[in-house]
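Structure first, commentary second.
2 protein chains.
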Amino acid sequence: VKIQTPPGMRDYYPEDMRLQNWLFDAWRAASRSFGFQEYEGPIFEFLDLYRAKSGDEIVAQLFNFRDRGDREFAIRPEMTPTLARMVAARANALPRPIKWFSMPRMCRAEKPQRGRLREFFQWNVDTLGSDDALADAEVIATLIAFVRNVGLTSADVSVRINSRPLMSAIFAGFGVASDAVAAAFALVDRFEKLAAAEFDAQWNAALGASVQAATVRDLLTTASREDCTALALKAGAAGQAAADGFDAVLARLGDLGVAEFARFSPAIVRGLAYYTGVVFELHATAIPLRALCGGGRYDDLTSLFGGPKISGVGFGMGDAPVLEALKELGRLPTPMDTLDAFVIDADAACFQAALGVCGELRASGLTAEFSYKRQPIGKQLKQASDRRARYAVIVGAEIAVKDMTSGEQRTIARADVPAALLRHSSAR
Amino acid sequence: VKIQTPPGMRDYYPEDMRLQNWLFDAWRAASRSFGFQEYEGPIFEFLDLYRAKSGDEIVAQLFNFRDRGDREFAIRPEMTPTLARMVAARANALPRPIKWFSMPRMCRAEKPQRGRLREFFQWNVDTLGSDDALADAEVIATLIAFVRNVGLTSADVSVRINSRPLMSAIFAGFGVASDAVAAAFALVDRFEKLAAAEFDAQWNAALGASVQAATVRDLLTTASREDCTALALKAGAAGQAAADGFDAVLARLGDLGVAEFARFSPAIVRGLAYYTGVVFELHATAIPLRALCGGGRYDDLTSLFGGPKISGVGFGMGDAPVLEALKELGRLPTPMDTLDAFVIDADAACFQAALGVCGELRASGLTAEFSYKRQPIGKQLKQASDRRARYAVIVGAEIAVKDMTSGEQRTIARADVPAALLRHSSAR
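Which chain is which? The protein sequence lines are A and B, in order.
Under my numbering, the first residue of the first sequence is numbered 1, with each subsequent residue one higher.
Under my numbering, the first residue of the second sequence is numbered 1001, with each subsequent residue one higher.
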C-alpha cells in the first residue's frame, strides 16, 4: 500500500524541521525576553468550546468527531478559546497581569488545494488582566522583537494600527446607528480587497444611503490620524476617550522603541467581533493585502467560558504566511545540520578506542558521530566534511584534532580532548 | 457556559509547560549529541496507514473522522507508521544510516479514567538502513544518555535486553513449531504479569503440552545468558547466528560505555509483531512491571508502506510514564520562571527612561520586565524578587544594578548596563 501525506498536511523532513525549529526559537526568544510565559493546551477540545465563541457556523470548518461515550470534540482551529478556558478556570489564582505565549499546532478543515494548509502552527501572545496602554504596547513590541530578530527592519514591514473605539466614534459622527457599527466594521475589514463600486454597493445594501459610501472610502484611504482624531471628537466624550486611549498606546510604542514600525491605518479593523480597543496587523511592505499577523484588545473573553470578565490584548501569527514572506523577501535562512566532532579511527584496531573518545565527547554535551564502516582516514575525513563537523578527531597511537574549517591539525592528550573542543564549540 | 478540559487531556499552565520543556530539552539534547536529526509529521494520517500496519482492530483505539470529501483520517496513536511512510517516500534519496528522532504529540481513544491519558508525547529514536550492531548499541546508548542527563544511574534503572532470534532458536530447540513462535512470544510478553498457574493454562491452551510450561517458566525466570546461548546452539546454525548477533550488540554497548545499564532478561520479548532482532525495555529498579520505554530491531517497516525493504532499530518513550517515574524516584526538577532583570524607576518621572533601559536589555537577548504600576522602589524590589529576577536595575539620576542574590549594588554607566548583565547572565 502506498499511502500519501494527507492533503493540506505537512511532513517535516530534517531540513524542514530545522527551519521550523528556527522559527519556533525566534518566537520563543522574543516572547521570553518580554517575560511572557509559555503555556499549551490539548490538541482537541469539546466542540461546544468553539460553538460558544463562534456559533454553529464554525462546525463545518472543524475536524470534529465523537468518542465512544458520544461526546463531541474538535481539533483546535485557534488557541483563543483554550486560553480563555484556562484563564477562566484559574482566574482568581493567577497573578496579574497574565503574560502568556504559546506556539500551538492547529487544524482547519480547509478544502484541500494548493497553498491552503489544513494544519499549521500559530504563535499566540496575550496579556490579560491589565487595561494599561503598556499592555498593548508590550504585546506589539514583542512582535517587533521577533521581526528584528529575523533580520527585518521598518523598511520591510510595518504594524498597521487603528482603534475600534476611534472608528466607532467617527461612524457615530457620520450618523451610523450604534447597532450598525458591527456591520460597518465587517465591511471595512474587506475594504482593501474590494473594488470601489463593489464596496459602495455593499455599503449601501448593509447601511443604507444615510452615510455616503464615498465619504467612508475617502476616510479609509486618505485620512490622517489628526483627521480621524478631529472627526472622533465630534462624537463628544466617547470620541475624546477613544482618541486619548489610542494616543496613550502610540506614546508607549515610542517609549518601548518601536514607534518607527507603527503606521496608522483607518482601514484596519480586524474581522473578529470581540475586539474592543486597539487593532493591528503586521504587513510586509513588498507584499500588500496579506497580513502576517493580526491582533488587538478585547474587553472580555473569559466570561464566555464561565470565568469572571478579564480584559486583554494579544495577537496570533501563523507559521506559513511568515515563512512565505521571509522567503519572498530573501530573508529565509537555511539552517544546516552540523556536528561538533566526527571521530575517526586511524586504523580499524583503534576503532574501539575511537568509540570511547566519541562517548566522552557526547557525555560532555558535544554532538559527535563516527563512521559505521571501517575505511581509510581520507574517506572518514570526507564523511566528517559531509556531516559538517567542526572538528575531526583522529584516534591512533595519539589523538589529533583537525579543525575542518582552517585545516589546522594538532595533537592533544586524550584526557584533554573534550575540554579542548568545548572551549571552541557552541555546545550547550 | 463552563466548559472543561476534555477527559484524559492535559492543560499545560506555565509551571507544567516548564517541566514539559525540561523533558523535551533533555530528549533533544541526548538525541542531538548522538547525531540524530529531528523530524515531524502531521497530527492525523489517512486511517488506512494504521489499518495497513495493525489491521481493523486498531480503529476502535483511534480518534477517527471523515472530511467533507469523505476521506477517512485518524489522529496518530504512534509515530512508527508516519516514520515508515516518510522514509519509504524518499528511500533512495536519504543517505544511510538514517538517524532520526521526533517528540510527537499523539492520541489514543482510551476510556477516560484516572491516570489513563488520551493525549501524550512520545520520544522516538530510530536508525534505519544499517544492520550493524553499532546501530542497535547507539540507539540504546542514546536512551542512556537521556537517563544520565536527568540524573539517574544504573542503580536506578536498567535496560532489560533480549534477542528474539535467540528466543526463537531456544523455542525451536524445545520443539515449538515455527508457526507457533509468534503465539509463544505473545504469551512471554505477558509472563511477568500473570500468575504461574494462569501462565501454564494459557501456554497449554495456545501451544499444547508438547513443551512443558514449567520449563518455559524456569527459562524466563532463572536462565542466564550463558544458559540461553547453550540452549540456542542446540538449534544449529540459526542459534549460532542469533547468539553471535546478540553478543555483538552487547559488546558494542561496552564500547559505548553503557554496559553497566544492560541486564539480560529472557522474559523481555515485546508485544509488537514486527520486531526481528534485539528487543529491550527501560525499567526503574524500584518500580517493577512498568516499562518506561520499549524498542527493538525490525527487518522491515517500509515495504508495508510502498517503499523498498529497509531494516532499522529504535524505541519510543512516553512522557507520562517517565515523568511519573522521576517523581516516584524523587528526581523530578521544579524548573522556575526567572528573569535576567527587573527594571525599576526610582520615581515615576524616570519611568520613560526605565522603559528605554528595559528595551535595550531585551534587545541584547536578556529577559526583562518592569512594573505596570508606578510605586515606591521597595514595592518594585519586592516584585523583582517575586519574579525571581537575577538583577534589579534601578533607573534614577544614575543607574544602579542590584544583585538580587547577594544584595550587592553598584552604579553602572547607562551604556554599559546590557554588557554588564550579559557578562553575568546565562543569556542565550
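Note that the Cβ used here is the ideal one computed from N, Cα and C, for glycine as well.
Quick caveat, the model's predicted, so the values are computed rather than measured.
Under the DSSP definition of a beta bridge, which residues are partnered with residue 368 of chain A? A:341
Would you call the region 329-349 of chain A and the region 394-411 of chain A in contact, with 3 or more CB pairs under 8 Å? yes
Quick check: what's the CA-CA separation for residue 103 of chain A versus residue 122 of chain A? 5 Å
DSSP state of residue 1268 of chain B, grouped into three classes? coil
Separation of residue 1057 of chain B from residue 1306 of chain B, as counted between CA atoms: 22 Å
Determine the chain B residues that contact residue 100 of chain A at a beta-carbon separation under 8 Å, and present them in chain order. 1014
Give me the Cβ distance between residue 1361 of chain B and residue 1418 of chain B, rounded to the nearest whole Å; I'm assuming they're in contact under 8 Å. 6 Å
Interface flag, residue 1134 of chain B vs chain A, CB-CB below 7 Å: yes
Answer with yes or no whether the minimum CB distance from residue 17 of chain A to chain C is below 7 Å. The structure shown contains no chain C; its protein chains are A and B.
Have a look at residue 1015 of chain B and residue 221 of chain A and give me their C-alpha separation to the nearest angstrom. 47 Å
Quick check on this structure: which residue in A:99, A:29, A:128, A:107 has the alpha carbon closest to the alpha carbon of residue 320 of chain A? A:107
Can you check which of these residues, A:273, A:290, A:265, A:286, is closest to residue 280 of chain A by C-alpha distance? A:265
Grab me the residues of residue 1072 of chain B's own chain with a C-beta within less than 6 Å of its C-beta, minus the 5 sequence neighbours each way, in chain order. 1047, 1066
Which parts of the region 1225-1297 of chain B are runs of the beta strand (DSSP E), unbroken and 3 residues or longer, counting only runs that do not cross its ends? 1262-1264, 1275-1284
Do you know offhand how far residue 420 of chain A's Cα is from residue 1381 of chain B's? 42 Å
Of all the CB atoms in chain A, is at least one closer than 7 Å to the CB of residue 1344 of chain B? no
Measure from the alpha carbon of residue 1375 of chain B to the alpha carbon of each residue in B:1294, B:1384, B:1368, then state which is nearest. B:1384
According to the Cβ coordinates, are residue 173 of chain A and residue 234 of chain A closer than 7 Å? yes
Supposed contact pair residue 315 of chain A and residue 294 of chain A - C-beta distance, whole angstroms, cut 8 Å: 6 Å
Whole angstroms is fine: what's the gap from residue 1407 of chain B's alpha carbon to residue 1371 of chain B's? 20 Å
For the 8 Å Cβ check, are there 3 or more pairs between the region 1133-1146 of chain B and the region 1199-1206 of chain B? no
Chain A beta carbons: is any one of them nearer than 7 Å to that of residue 1143 of chain B? no
Alpha-carbon to alpha-carbon, residue 1423 of chain B and residue 428 of chain A: Any reading at residue 428 of chain A must be qualified, since the residue scores a pLDDT of 37, below 50, and its modelled position is unreliable; no value is offered.
Between the Cα of residue 193 of chain A and those of A:325, A:268, A:80, A:132, spot the shortest distance and give me the residue it belongs to. A:268
Taking residue 1035 of chain B as the reference, which of A:144, A:366, A:409 has the closest Cα? A:366
Taking a contact to mean a Cβ-Cβ separation below 7 Å, would you say residue 17 of chain A touches residue 1038 of chain B in this structure? yes
Where residue 1405 of chain B sits in the DSSP three-state scheme: coil
Given 8 Å as the limit, is there contact between the region 158-174 of chain A and the region 239-255 of chain A, that is, 3 or more CB pairs closer than that? yes
What does the Cβ neighbour count give for residue 69 of chain A, buried or exposed, with the cut at 16 atoms within 10 Å? exposed
Using a Cβ-Cβ distance cut-off of 7 Å, determine whether residue 427 of chain A contacts chain B. Any reading at residue 427 of chain A is ruled out, since the residue's pLDDT is 44, under 50, leaving its predicted position unreliable.
Reducing DSSP to helix, strand and coil, say where residue 1352 of chain B ends up. helix
Near-chain B residues of the region 39-60 of chain A (beta-carbon distance less than 7 Å), N- to C-terminal order: 39, 40, 41, 42, 43, 44, 45, 46, 48, 49, 52
Contact set for residue 332 of chain A: own chain, Cβ-Cβ below 6 Å, skip 5 residues either direction: 326
Residues that DSSP places opposite residue 411 of chain A in a beta bridge: A:400
Which ranges would you report for the alpha helix (DSSP H) in the region 1024-1093 of chain B if only whole runs of at least 4 residues count? 1047-1054, 1080-1089
State the beta-bridge partners of residue 1099 of chain B as determined by DSSP. B:1127
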